Amino acid sequence: MTQSAHDLLTSGDGKLSLHYFSIEGVAEQVRITLSVAGIPFDDIRVPFSEWQTKKPTTKYGQLPEMILPNGQLITESMAMLRLAGEADPEGKLYPADVGKRLQIEEALGLTADLSRAWRPALYIG
Amino acid sequence: MGLLRIFRGLGVLHCILGKIFIVLCSLSFCSMNTHNPPRFSMRPEKLGHPKSADWAKEEKDATIKKVREAFLAEELPRYMGYYADLLKEAGGNAFLLGEDLTIADIAAYIGLNYYRKGVADYVPADCLEPYPDVVAFLKRVEEQPKVAAYKASKA
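Chains F and X, in that order, are what the protein sequence lines are. Numbering-wise, our numbering puts 65 at position 65 of the first sequence, and it's gapless, one number per residue. Converting from the second sequence to our numbering requires adding 125 to each position, the first position being numbered 1.
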């Protein structure tokens, strides 16, 4: 039996929560996508002052992390973005059509490329 | 046997260095694409420059200015051209792939809007103004009712 993204994000004893810093970083796109898809979630903002103690408790030493209503831990912002898009009840944010999805993947890659091109200039100072 | 011990020693050292590297990398990732990156992410020595503390301020500032201006002059226009082409193909008055907002638009919005925040030295908040097609696209994403509602709820 297959499970839908919408079920995964909405069904269970708990409430969906997204844990990230209070910045418009890599999880901001997940927050927006969940909001557009109409999926309720607890938007947990982790203060930088708590990060050094929280970091060793995270699965891969980084944020964001997401806890599904069934208790499952999810990591990696791009995985969350696709899952949230897939859960759009209107099927528009991440359409099932493979041709459309391929175009979306290319555009996502372009944005990742731009971010990578900027990184050396950011981290220099 | 002696040689074997040296090799083993090197292996342990390599492993420790590797772990340190992973920790440094993850620290930098947590602040990726942020409008207010914490200072611990800035490690010029990882990019072949002196350590921040050892780097003369004037020389450091001049180097930062040089690489960021090069980004604005070369990389940014190239990418803005790609986005403008995508928008044109999609009809010019819509999102990147057509009439419907997709996760590609939301990701592009976050990635591009960063440059309008004026948070990095030498990258002025008006640096996207020469690319009106892209600016109009960002406006369309922001004005999409559900995106606007989210932003208003966090403002």
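Using N, Cα and C, we set each Cβ at its ideal position, and we do this for glycine too. Since we're looking at a predicted model, the values are computed, not measured.
Backbone CA spacing between residue i and residue j [nearest angstrom]
| i | j | result |
| --- | --- | --- |
| X/Lys271 | F/Ala87 | 15 Å |
| X/Lys213 | F/Ser49 | 45 Å |
| X/Thr188 | X/Ala198 | 15 Å |
| F/Ala5 | X/Arg168 | 39 Å |
| F/Pro8 | F/Ser77 | It should be pointed out that residue 8 of chain F corresponds to Leu in this sequence rather than to Pro. The straight-line gap from Cα to Cα measures roughly 16 Å. |
| F/Pro69 | F/Leu34 | 14 Å |
| X/His174 | F/Arg82 | 37 Å |
| F/Val36 | X/Leu211 | 23 Å |
| X/Met205 | X/Val260 | 10 Å |
| X/Ala277 | X/Asp179 | 44 Å |
| X/Val248 | F/Glu90 | 38 Å |
| X/Arg164 | F/Arg119 | Interpretation of X/Arg164 is limited by its pLDDT of 41, a score under 50 that renders its predicted location unreliable; no figure is taken from the coordinates. |
| F/Gly126 | F/Leu16 | Residue 126 of chain F lies beyond the stretch modelled for chain F, which goes from 1 to 125, so this question has no answer here. |
| F/Glu106 | X/Leu226 | 15 Å |
| X/Arg265 | X/Ala219 | 8 Å |
| X/Glu268 | X/Ala274 | 9 Å |
| X/Glu194 | X/Leu201 | 10 Å |
| X/Lys190 | F/Gln72 | 45 Å |
| F/Tyr123 | F/Thr53 | 24 Å |
| X/Gly243 | F/Gly12 | 42 Å |
| F/Tyr60 | F/Ile74 | 11 Å |
| F/Trp51 | X/Lys279 | 22 Å |
| X/Pro255 | F/Ser22 | 30 Å |
| X/Val192 | X/Arg203 | 16 Å |
Environment of residue i [buried if 16+ CB atoms lie within 10 Å]
| i | result |
| --- | --- |
| X/Tyr208 | buried |
| F/Thr2 | exposed |
| F/Gly14 | exposed |
| X/Asn158 | Any reading at X/Asn158 must be qualified, since the residue scores a pLDDT of 38, below 50, and its modelled position is unreliable; the value itself is stated next. Looking at its Cβ environment, which holds 16 or more other Cβ atoms inside 10 Å, X/Asn158 is buried. |
| F/Glu24 | buried |
| F/Leu108 | buried |
| F/Leu110 | buried |
| X/Ala245 | buried |
| F/Pro95 | buried |
Limits of the unbroken beta strand (DSSP E) element including residue i
| i | result |
| --- | --- |
| F/Arg45 | 42-45 |
| F/Thr58 | Looking at the DSSP string, F/Thr58 is not in any beta strand (DSSP E), and its letter there is neither H nor E. |
| F/Ser4 | It is not in any beta strand (DSSP E) - F/Ser4 carries neither H nor E in the DSSP assignment. |
| F/Ser17 | 17-20 |
| F/Glu65 | 65-67 |
| F/Leu73 | 73-75 |
Beta-carbon proximity list for residue i, same chain, < 8 Å, skipping 5 on both sides
| i | result |
| --- | --- |
| F/His19 | Ile44, Val46, Leu63, Pro64, Glu65, Met66, Ile67 |
| X/Gly216 | Gly223, Glu224 |
| X/Leu263 | Tyr234, Leu237, Asn238, Arg241, Leu253 |
| X/Ser177 | Met167, Arg168, Pro169, Glu170, Lys185 |
Own chain residues within Cβ distance below 6 Å of residue i, not counting five before or after
| i | result |
| --- | --- |
| F/Ala79 | none |
8 Å Cβ cut-off: residues of chain C touching residue i
| i | result |
| --- | --- |
| X/Tyr275 | No chain C appears in this structure, whose protein chains are F and X. |
Boundaries of the alpha helix (DSSP H) in which residue i is found, first to last residue
| i | result |
| --- | --- |
| X/Ile231 | 228-238 |
| X/Tyr275 | 270-279 |
| F/Glu90 | F/Glu90 -> no alpha helix (DSSP H), and no H or E assigned at all. |
| X/Val192 | 182-195 |
| X/Gly173 | Run containing X/Gly173: none; DSSP gives neither H nor E here. |
| F/Ala112 | 98-123 |
| F/Ile32 | 28-37 |
7 Å Cβ shell around residue i - same chain, five flanking residues per side excluded
| i | result |
| --- | --- |
| F/Leu93 | Thr33, Val36, Ala37, Gly85 |
| F/Thr58 | Glu65 |
| X/Arg229 | Before going on, a small fix: residue 229 of chain X reads as Ala here, not Arg. Closer than 7 Å at the Cβ level, and outside the excluded window around X/Ala229, lie Leu221, Leu222. |
| X/Asp258 | Ala209, Leu212 |
Any non-hydrogen atom of the ligand MN within 6 Å of residue i CB
| i | result |
| --- | --- |
| X/Glu170 | The model depicted lacks the ligand MN and carries no ligand whatsoever. |
Contact the region 108-118 of chain F vs the region 183-192 of chain X: 3+ CB pairs below 8 Å = no
Are the region 25-42 of chain F and the region 102-110 of chain F touching, with three or more C-beta to C-beta distances below 8 Å?
-> no
Between the region 229-236 of chain X and the region 21-36 of chain F, do three or more beta carbon pairs fall short of 8 Å?
-> yes
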